[in-house]
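There are 2 protein chains.
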Amino acid sequence: MRWEIYPLDKDLFPYVENDAVTKEFLQKLFEILFIFIKETNDRDMKVLNFKHPEEMFKNLDLEIPNNGKSLQTLLDDCHTTLKNQVRTGHPRFFNQLSCGLDLVSMAGEWLTATANTNMFTYEIAPVFILMETVVMRKMREIIGPGWENGDSILAPGGSISNLYAFLAARHKMFPYYKEKGLSAIPGQLVMYTSNQCHYSIKSCASVCGLGTDHCVEVPSDERLIIERKAQGHIPFFVNATAGTTVLGAFDPIDEIADVCQKYGCWLHVDVSGLLLSRKYRYPRFQGVERADSLTWNPHKLMGTLLQCSTIHFKEDGLLMSCNNMNAAYLFMQDKLYDVKYDTGDKVIQCGRHNDIFKLWLQWRAKGDEGFEKHMDRLMELSEYMVKKIKEMSDKYYLILEPEMVNVSFWYIPPRLRNTPHTPEKEKLLGDLCPIIKGRMMQAGTLMVGYQPDDRRPNFFRNIISSAAVTEKDVDFLLQEIDRLGRDL
Amino acid sequence: MRWEIYPLDKDLFPYVENDAVTKEFLQKLFEILFIFIKETNDRDMKVLNFKHPEEMFKNLDLEIPNNGKSLQTLLDDCHTTLKNQVRTGHPRFFNQLSCGLDLVSMAGEWLTATANTNMFTYEIAPVFILMETVVMRKMREIIGPGWENGDSILAPGGSISNLYAFLAARHKMFPYYKEKGLSAIPGQLVMYTSNQCHYSIKSCASVCGLGTDHCVEVPSDERLIIERKAQGHIPFFVNATAGTTVLGAFDPIDEIADVCQKYGCWLHVDVSGLLLSRKYRYPRFQGVERADSLTWNPHKLMGTLLQCSTIHFKEDGLLMSCNNMNAAYLFMQDKLYDVKYDTGDKVIQCGRHNDIFKLWLQWRAKGDEGFEKHMDRLMELSEYMVKKIKEMSDKYYLILEPEMVNVSFWYIPPRLRNTPHTPEKEKLLGDLCPIIKGRMMQAGTLMVGYQPDDRRPNFFRNIISSAAVTEKDVDFLLQEIDRLGRDL
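Residue numbers (UniProt numbering), protein chains in the order written: chain P, 1 to 488; chain E, 1 to 488.
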């Protein structure tokens, strides 16, 4: 084998004409990746092999050399990297809404990498641009009537999607803003959002010049709008969250839409998922079609690989008039083809990663029906978990009835069982979360997140959003936390 | 073979325990991808098979079905997609600065997809977070003395990187801005940039509330700073471009740094590449270490797969204090490990795609030396092209001596040869660009970009940034444009 003479990247395409080394290198990589995929799906394998940063640094050779390493070393690097990576697609990974390893979506991402193009023009991404058109239209149709002829774009993550909504709202209300800036607006702009919203909403207020003091963290209270108007301020943007990050709670979209209508505010809805399930869509999304914009992240409940976020507008043309900078040197109008398919001028990014192919391919694989079943199954498993927690009410305390796949709870060790549930006890239970999480990571058997919120100390928030999870994994989770925490 | 009974995605992991169908599906995908890679590197294959959007729609089945398609159909989809995609890694693709198909970087992206994680915490991306630390520090060391202990982050594209610089500059000057907003600043903020800068700089002015009227498109003219100050405005941010998008021109960084120092402005430098070449670094980057922030996109001259953009700051801590929203529910401080490695709170994104692995692996493969040789080779080829154009001065008009890999020229058809070069002639030559480009795309033999700038009608801008290009490809390019355009 040629490998014995240490080929370098100079032995790959395009440096050589013969394909042998390239094929062998990629085939070997394929084997390494496939082992990782198998192990990810193997319940006998750990979710992670935890090491502290300093220990990890010592164990790995991360240095950038002066002279290039051999292809064999690169393959070893790949192997070592995966060995030390957390298996986010493992059936016992409950840590994040974006997890699982959908293999069709992954196949899509391999192809995306191989095609290596930029989504800014039809010229260099013809098929992908058309796929984006098709899938975005479909998603708007799912949002509801009145959205078919709107506009949409894929953005690098939900936070940037939310930023696009904010920018469009401001542009719609003050079209001269783009040139003149905030100083030309006759009053302080104010936005409203539920305090359970994703922090990126508040971030918009900071980035775009409102200041976070003018992001009022109550979405639907008319009085707070009237109060600000009385001060000469201009309420212009309301965010409703359909599935909050921590609790998975739903703001009452229809009620908020009434307030927005009355006061001429833009309504944005930030959606975690579930729109595809007829069973769970109502009443959660009642009134969603009344929104002006909507963020929907397929990398969450749909299991599309990271990153895959979409932002939709009911009105067409806004994205373009809001964001275009007339960069004639990039987005020429005198092209061979119909330039309405060029998207580069619609976004504040210039380069845009191809996030559509993996979603398109996955949707082809599942069909609407498959995605709906997937959503329903995740909800069914979450309901199963709630049922089990209630059955084990000595060991577990359910914080609230979930509306989504977020199940929030405390673990109660033996010494605290059979004592009244008081704020002091909540504090004690909260103190246990980081300890149990630490043990969990050291053991490597499980990953569940915890955090405080504005009303509670630390608590566990379990997320079931991976197709790999079964009832037995939920059972395991509850047994394992008990095993890890019972002496505390 | 089981394939005859039409397996669906339900026959893959995690829906089944047996790995046979999964492995076969991915192996077949691998074969399809490898054929594309081979064809990309084959000069006998076309760069693209152009179809107009409507024709493409007719030829492809892009619809999302109600019921999922078989795995064989998905593989056919992959094949068809690649057949209709532009081969951006083809040796005759000269259309964009981000092109080529570096196979080690691609291998890295396959692994990245398979590992499917988010870069916001060490908890779920331990190895990748450490790689980011190592590579970012290395890049800062390359920028120059004083940068070692700064801070950096990978962002989704150069435009967002530039936005991060803008936000940090504003935060540094007005720390209360984050909460109070623009209305609390005692004057109109003004930014300065060369008019050849990337349009994302102007976009910052729009997004962040300055208004594009307050983005002055001259970078280093003291008078324009004094003039605005006299109006009570606050000049605060200057962008210098090191390698402009169209012409590849370099702003005089050192001179601009003098002005910034005198007037207390933040200096940002937007870099296309070349920093890694000792031969070409000076005098182009003279004074670069005096900047406060610097955008550097490895997906450009370094050939890293899209997207890979980095933003660097000389001062540590700014990114965090500027962008963090204290999202205690995501970025807890009471974790098992040292949370200084968690990056989520430093960015306005929440999810962050893993763009580091493909760069790290590529740098391991090339070493510093390999990247330097790559840069020098690209410049050598550009110089070769300039020489050829000068030799063919009857057929080609060189617009200016390039400082980078951008070679700007007009093609002169026989009927316009031997006539004086006047503005009227430039207009005629400009009119030919879209026609020749159209023919080029129809023929599929070549891709070169064209655009107007503020001083000229359309002209061709050739980019050599792919390792696949050789002198013979440059020769081919010049022959082919002549073949396509000589009757015009």
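C-beta atoms are modelled at their ideal positions from N, C-alpha and C, and glycine is treated no differently.
None of the values given here were measured: they were computed from a predicted structure.
Length of the line joining the Cα atoms of E/N149 and E/R137: Here the question's residue 149 of chain E lines up with position 149 in the second sequence. Here the question's residue 137 of chain E lines up with position 137 in the second sequence. If you take the alpha carbons of E/N149 and E/R137, they lie about 8 Å apart.
CA nearest to the CA of P/W360, picked from E/A165, E/K23, E/D42 and E/D61: In the first sequence, counting from the first residue as 1, residue 360 of chain P sits at position 360. Ranking the options by Cα distance to P/W360, first place goes to E/D61.
E/L189 versus E/H214 - alpha carbon distance: Here residue 189 of chain E corresponds to residue number 189 of the second sequence, with the count starting at 1. Here residue 214 of chain E corresponds to residue number 214 of the second sequence, with the count starting at 1. Taking the straight line joining both Cα atoms gives about 7 Å.
Below-8 Å beta-carbon distance, P/N149 vs any chain E residue: In the first sequence, the residue the question calls residue 149 of chain P occupies position 149. So no, P/N149 is outside the interface.
Counterpart residues of E/R461 in DSSP-defined beta bridges: Stepping through the second sequence from its first residue, residue 461 of chain E is reached at position 461. DSSP output for E/R461 lists E/S408 and E/G449 as bridge partner(s).
C-beta contact flag for E/F357 and E/G344 at 8 Å: Numbered from 1 along the second sequence, position 357 holds the residue referred to as residue 357 of chain E. Numbered from 1 along the second sequence, position 344 holds the residue referred to as residue 344 of chain E. No, the Cβ-Cβ distance between E/F357 and E/G344 is not below 8 Å.
Within chain E, partners of P/F250 - CB distance below 8 Å: Counting from one through the first sequence, the residue named residue 250 of chain P turns up at place 250. Chain E residues near P/F250: none, gap ~17 Å exceeds 8 Å.
Close Cβ partners of E/D473 (< 7 Å) along its chain, the five nearest in sequence each way excluded: By one-based count along the second sequence, residue 473 of chain E stands at place 473. These residues qualify, in order along the chain: P91 and R92.
Contact residues within the segment 20-41 of chain P, judged by C-beta distance below 9 Å to chain E: So the close ones are T22, K23, F25, L26, Q27, L29, F30, I32, L33, F34, F36, I37, K38, T40 and N41.
Range covered by the alpha helix (DSSP H) that runs through E/A168: Here residue 168 of chain E is taken as the residue at index 168 of the second sequence, counted from 1. Segment G158 to M173, the alpha helix (DSSP H) holding E/A168.
Short-range partners of chain P found in the segment 55-73 of chain E, where Cβ spacing is below 8 Å: Taking 8 Å as the Cβ-Cβ cut-off against chain P, the residues of the segment 55-73 of chain E that qualify are M56, F57, L60, L62, E63, I64, P65, N66, N67, G68, K69, L71 and T73.
Cutoff 8 Å: E/E179 Cβ touching any chain P Cβ: Position 179 of the second sequence, counted from the start, is the residue given in the question as residue 179 of chain E. So, interface residue.
Residues of its chain near P/G444, where Cβ-Cβ distance is below 7 Å and the 5 sequence neighbours each way are ignored: Along the first sequence, read from residue 1 onward, the residue named residue 444 of chain P stands at position 444. Closer than 7 Å at Cβ, skipping near neighbours: K46, V47, L48, N49 and F50.
Spatial distance of E/N462 from E/L301 (CA atoms): The residue labelled residue 462 of chain E in the question sits at position 462 within the second sequence. The residue labelled residue 301 of chain E in the question sits at position 301 within the second sequence. Cα-Cα distance, rounded: 14 Å.
C-beta neighbour in chain E for P/A242, strict 8 Å: Position 242 of the first sequence holds residue 242 of chain P. So no, P/A242 is outside the interface.
Closest residue to E/T212 among P/Q196, P/L182 and P/A249 (Cα-Cα distance): Here residue 212 of chain E refers to the residue found at position 212 of the second sequence. Cα-wise, what sits closest to E/T212 is P/L182.
Any chain P beta carbon closer than 8 Å to E/Y6: Reading the second sequence from its first residue, position 6 is the one you call residue 6 of chain E. So no, E/Y6 is outside the interface.
Within chain E, the residues that P/M45 reaches when beta carbons sit closer than 8 Å: Sequence index remark: in the first sequence, residue 45 of chain P carries index 45 (1-based). By Cβ distance, chain E contributes nothing, its closest Cβ being about 13 Å from P/M45, past 8 Å.
Runs of alpha helix (DSSP H) lying entirely within the segment 103-164 of chain P, each at least 4 residues, in chain order: Correct list: 103-115 and 126-143.
E/V207 - containing alpha helix (DSSP H), residue span: Counting from 1 along the second sequence, the entry for residue 207 of chain E is found at position 207. Looking at the DSSP string, the run of the alpha helix (DSSP H) that includes E/V207 is Y199 to V207.
Listed by chain order, chain P residues near E/S161 by CB distance under 7 Å: Locating residue 161 of chain E in the second sequence gives position 161, where the first residue counts as 1. Those do not exist, as E/S161 stays about 10 Å from chain P at its closest Cβ, beyond 7 Å.
Cβ-Cβ distance between E/L306 and P/H374 below 8 Å: Locating residue 306 of chain E in the second sequence gives position 306, counting from the first residue. Locating residue 374 of chain P in the first sequence gives position 374, counting from the first residue. No, these two residues do not count as a Cβ contact at 8 Å.
Residue closest to P/L82, alpha-carbon to alpha-carbon, out of P/R456, P/T40 and P/N458: Numbered from its first residue, the first sequence carries residue 82 of chain P at position 82. Answer by Cα proximity: P/T40.
P/T295 - partner residues in DSSP beta bridges: Position 295 of the first sequence, counting from 1, holds the residue named residue 295 of chain P. Note: P/T295 sits in a beta bridge opposite P/D270 and P/I311.
Pairwise C-alpha distance: P/F13 and E/D42: By 1-based counting over the second sequence, the position of residue 42 of chain E is 42. By 1-based counting over the first sequence, the position of residue 13 of chain P is 13. When rounded, the distance between both Cα atoms is 10 Å.
Beta-carbon separation (whole angstroms), P/A113 vs E/E109, contact threshold 8 Å: Sequence index remark: in the first sequence, residue 113 of chain P carries index 113 (1-based). Sequence index remark: in the second sequence, residue 109 of chain E carries index 109 (1-based). Indeed they touch by this definition, with Cβ atoms about 4 Å apart.
Proximity test, Cβ basis, 8 Å: E/W110 and chain P: Position 110 of the second sequence, counted from the first residue, corresponds to residue 110 of chain E. At least one chain P Cβ lies under 8 Å of E/W110.
Contacts around P/L101, its chain only, beta-carbon distance under 6 Å, and the 5 residues preceding and following it disregarded: Walking along the first sequence from the start, residue 101 of chain P turns up at place 101. Taken in chain order, the residues that qualify are T40 and G89.
Within chain P, the residues that E/A467 reaches when beta carbons sit closer than 8 Å: Translated into positions along the second sequence, residue 467 of chain E becomes position 467. Within 8 Å Cβ-Cβ: P14 and Y15.
DSSP-derived helix/strand/coil call for P/A327: Numbered from its first residue, the first sequence carries residue 327 of chain P at position 327. Correct three-state label for P/A327: coil.
Proximal residues to E/M1 (C-beta, below 7 Å), its chain only, five neighbours per side dropped: On the second sequence, position 1 is the one that residue 1 of chain E refers to. Unreliable placement is indicated for E/M1, whose pLDDT of 46 sits below 50; the coordinate value is still reported in the next sentence. Closer than 7 Å at Cβ, skipping near neighbours: no residue.
Span of the beta strand (DSSP E), counted from its first residue to its last, around P/A240: As a first step, residue 240 of chain P is located in the first sequence; it is residue number 240 there, counting from the start. Segment I234 to A242, the beta strand (DSSP E) holding P/A240.
The alpha helix (DSSP H) enclosing E/L477, as first and last residue numbers: Translated into positions along the second sequence, residue 477 of chain E becomes position 477. E471 to G485 is the span of the alpha helix (DSSP H), which, as asked, contains E/L477.
C-beta neighbour in chain E for P/M106, strict 8 Å: For the purposes of this step, residue 106 of chain P is identified with residue 106 of the first sequence, where counting begins at 1. Output row for P/M106: interface = yes.
Distance, P/V339 Cα to P/N297 Cα: Counting from one through the first sequence, the residue named residue 297 of chain P turns up at place 297. Counting from one through the first sequence, the residue named residue 339 of chain P turns up at place 339. Rounded to whole angstroms, the separation of the alpha carbons of P/V339 and P/N297 is 27 Å.
Residue closest to E/R486, alpha-carbon to alpha-carbon, out of E/E123, E/V469, E/Q451 and E/I435: Along the second sequence, read from residue 1 onward, the residue named residue 486 of chain E stands at position 486. Looking at the Cα atoms, E/I435 is the closest of the given residues.
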